[in-house]
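To start, the structure under review is shown below, and the notes come after it.
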Amino acid sequence: MKFRPCIDIHDGKVKQIVGSTLSDDEKQQIKTNFIAEKPSEWFASLYREDRLEGGHIIQLGKGNEEAAVKALDAWPGGMQIGGGINRDNALLWLDRGAEKIIVTSYVFHDGLIDKQRLKELSDLVGKNRLVLDLSCRKKDDDYYVVTNMWQNFTREKVNNKLLDYLSKYCCEYLIHAVDVEGKCQGIEVDLVDLLGSWAGIPITYAGGISSIQHIELINEKGRGAIDFTVGSALNIFGGHNLCYKDLVSKYVKK
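Numbered by numbering that gives the first Met the number 0, the letters in the sequence shown go through residues 0 to 253 in order.
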């Protein structure tokens with residue numbers, strides 16, 4: 000298990016947002032925990048200095064391209080990029096310096112996996128440069144992939160069958176537990192347990208982490224195989240519970 004960094008960009012600024020409140024509807028109130036005074040490239044430069052590999056930049060809606068490019072320029076080949084990625088712009092983002100592209104909505108189309116889009120995209124960029132974002136929300140007793148800024152439920156359950164199938168086309172998964180994302184109130188233990196029981200490609204979990212105890216619980220339930228990312232609880236994002244330097248020291252493989 001290792002710590003992976005993140006840069007979430009909304010309206011051109013680095014922010015930490017409560018995931019379940021995200022929307023492109025201007026009338027809906029988005030709850031924001033943190034807005035950075037420092038630009039996106041400051042965070043990318045910090046991660047580069049500390050050799051934090053496998054981190055991700057997520058564009059939350061439109062108007063974030065310039066900030067995303069500046070972050071990639073600060074660490075060429077060092078970070079993944081997600082948000083609005085599709086077959087038409089995937090190679091452009093790789094040319095701009097992304098290590099890998101992260102995709103959700105383009106592949107999970109009309110509530111189901113679009114197998115043609117998935118195969119074409121994997122063939123285009125190569126399996127080793129494609130990350131699938133299986134961010135999910137719980138409904139009844141199952142977790143379902145959600146799309147379009149985490150607001151729309153698909154009919155695809157996160158389970159071993161789905162993980163097995165998709166792993167033929169990508170090199171890793173990024174999974175936000177959307178219902179606890181940004182709330183700093185604890186992780187989705189059942190989801191981490193489910194992911195830890197599956198032995199396959201690398202997985203990064205995000206959502207609800209606010210203490211070392213939560214991180215160690217991920218290590219336990221994830222059988223040591225699940226990486227993690229921390230947002231709102233981290234001091235560089237205005238949090239008071241977890242220190243960035245402490246996580247680098249303890250959870251980054253040298």
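Quick reminder that beta carbons are idealized off the backbone N, C-alpha and C, glycines included.
Neighbourhood of residue i by C-beta distance below 7 Å, restricted to the same chain and skipping five residues each side
i, result
"Gly223", "Met0"
"Ala232", "Cys183, Ile208, Ser209, Gly238, Asn240, Leu241"
"Pro215", "Residue 215 is actually Glu in this sequence, not Pro. Same-chain partners within the cutoff: there are none."
"Phe33", "Lys14, Gln15, Ser231, Phe236, Gly237"
6 Å Cβ shell around residue i - same chain, five flanking residues per side excluded
i, result
"Asn147", "Ser104"
Beta strand (DSSP E) segment containing residue i, residue limits
i, result
"Leu233", "Counting along the chain, Leu233 falls outside any beta strand (DSSP E), and DSSP gives it neither H nor E."
"Tyr164", "Tyr164 -> not in any beta strand (DSSP E); alpha helix (DSSP H) instead, spanning 159-165."
"Arg128", "Unbroken run through Arg128: none, as it is neither H nor E."
"Gln15", "12-16"
"Tyr204", "202-205"
"Asp7", "5-9"
"Leu173", "171-175"
Unbroken alpha helix (DSSP H) run spanning residue i, endpoints
i, result
"Ile186", "No alpha helix (DSSP H) holds Ile186; DSSP gives it neither H nor E."
"Asp141", "Element bounds for Asp141: not the alpha helix (DSSP H) but the beta strand (DSSP E), 141-146."
"Glu219", "211-220"
"Glu40", "39-48"
Other residues of its chain near residue i: CB distance less than 8 Å, five sequence neighbours each side excluded
i, result
"Val251", "Lys1, Phe2, Asp49, Arg50, Leu51"
Residue i and residue j closer than 8 Å at C-beta
i, j, result
"Leu59", "Asp7", "yes"
"Asp163", "Pro201", "no"
"Leu117", "Tyr46", "no"
"His55", "Gln79", "yes"
"Ala35", "Lys12", "yes"
Unbroken stretches of the beta strand (DSSP E), 3 residues or longer, contained in the segment 52-88: 54-58, 78-81
Touch test, the segment 117-133 against the segment 172-182, Cβ-Cβ under 8 Å, three pairs minimum: yes
Cβ contact check for the segment 188-200 and the segment 106-121: 3 or more pairs under 8 Å: no
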